[in-house]
Amino acid sequence: MHSHSWLNLIMFATVVALATFLYIKPSLQEEVSYKISSLSAEAVQHIRVARQGTLIELSRSDNRWQMRKPVQGRVNGVKVERILEILSATSQHLLPSTNLSHYGLASPVIELQVDQESFNFGDLAPITNEQYVAIKQQVFLISPHYAATLPVLPIDLLDSRLFAEDEIPVEFVLMHIHLKHGEHWQVSSQHQEQALSQDELNQWIQDWQLAQATYLTLDSGKADTDGEEISIMLRDGRKIKLIAEQNESELTLLREDEGIRYHFPSSIGKRLLDPFSINKEQAVFAE
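Each number in my numbering corresponds to the 1-based position in the sequence shown with 10 added.
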């Protein structure tokens, strides 16, 4: 065989080998992906988060999340959905669980329990910056994003809206005004010289229903001696008692049934406490 033929044969063999390598290489590089949980977020009924001595427990009722510990309160459903994203997390690293202290898992920084499944969060891996998490006596590396969705304090999860969607007020008793809904809103007030239309009253009621606090605090348990008591009757017969305290910067409303204080800017506070502020605002605007 001539040298030219040998050269062609070598080149052909090289091309075939290269093509075979390129065909096989992707399959060799495919990484194994481990799904760390078998739970479905839609089926979860209980969540428990423990970190640094703080214990938070949530449960689902009528497809709504409620906080059970350390306080009773309504929970922001979107934030719960973010917590449950961990159930769909995957990992490319399954590690031996023989030396948990090596991963910071001997004393986990955070413990998350979703129904009967426990997730213990440890240190960050120095190279990948992923976080060690122990589940069912197995250790995985996952994004630290999942730990970041977990609350530090109970108020981080509580709903900032003063009323739930199904809490429909039908009667308000404030210090200087009484409103009750029959066929329409009826008003008894010291402001006898002023009148409010049904549209204005409906707008004021809606302001209450949609009121969303800028931040929340938990009740200290100390008696409120200077606050104004507000009584609100709901359509379902329940009664809500609020203690209002207002200063130049904000209004705070304590819902006694929840033990939670809702903080509002003073501009919103004045409007909530006085439906006649609508007329006052219009008068100022007219001037």
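Note that the Cβ used here is the ideal one computed from N, Cα and C, for glycine as well. Please read these numbers as outputs of a predicted model, since none were measured by experiment.
For Arg92, there is no enclosing beta strand (DSSP E); the enclosing alpha helix (DSSP H) covers residues 87-93. Ala60: member of the beta strand (DSSP E) spanning 56-61, first to last residue. Check the Cα spacing between Leu122 and each of Arg61, Ala53, Asp166: the tightest is with Arg61. With distances taken between CA atoms, Lys79 lies nearest to Arg58 out of Ile96, Ile120, Arg58. Below 8 Å, too few C-beta pairs join the stretch 182-189 and the stretch 89-100 to call them touching: fewer than three. Within its own chain, the residues whose Cβ lies closer than 6 Å to the Cβ of Arg92, once the five positions on either side in sequence are excluded, are Thr159, listed in chain order. Here Ser107 has Ala144, Gln147, Gln148, Val149 as same chain residues with Cβ atoms under 7 Å from its own Cβ, once five neighbours each way along the sequence are excluded. The distance from the Cβ of Val124 to that of Leu49 is about 6 Å, consistent with a contact at the 8 Å cut-off.
For Asp209, the enclosing alpha helix (DSSP H) covers residues 208-219. Going by DSSP, Arg245 is part of no alpha helix (DSSP H) at all; its letter is neither H nor E. Straight across, the Cα-Cα distance linking Ile152 with Gln141 is about 5 Å.
Looking at the backbone, the Cα of Leu252 and that of Asp267 are separated by about 9 Å.
With contact defined as three or more Cβ pairs closer than 8 Å, the stretch 163-175 and the stretch 217-226 are in contact. Burial check for Thr262: the Cβ neighbour count within 10 Å reaches 16 or more, so the residue is buried. As for any beta strand (DSSP E) of minimum length 3 sitting wholly inside the stretch 92-150, the runs are 120-124, 127-134, 141-145, ordered along the chain. With a 10 Å radius around the Cβ and a threshold of 16 neighbouring Cβ atoms, Arg248 comes out exposed.
Comparing alpha-carbon positions, the option among Ala221, Asn257, Gly279, Val197 lying closest to Ile178 turns out to be Ala221.
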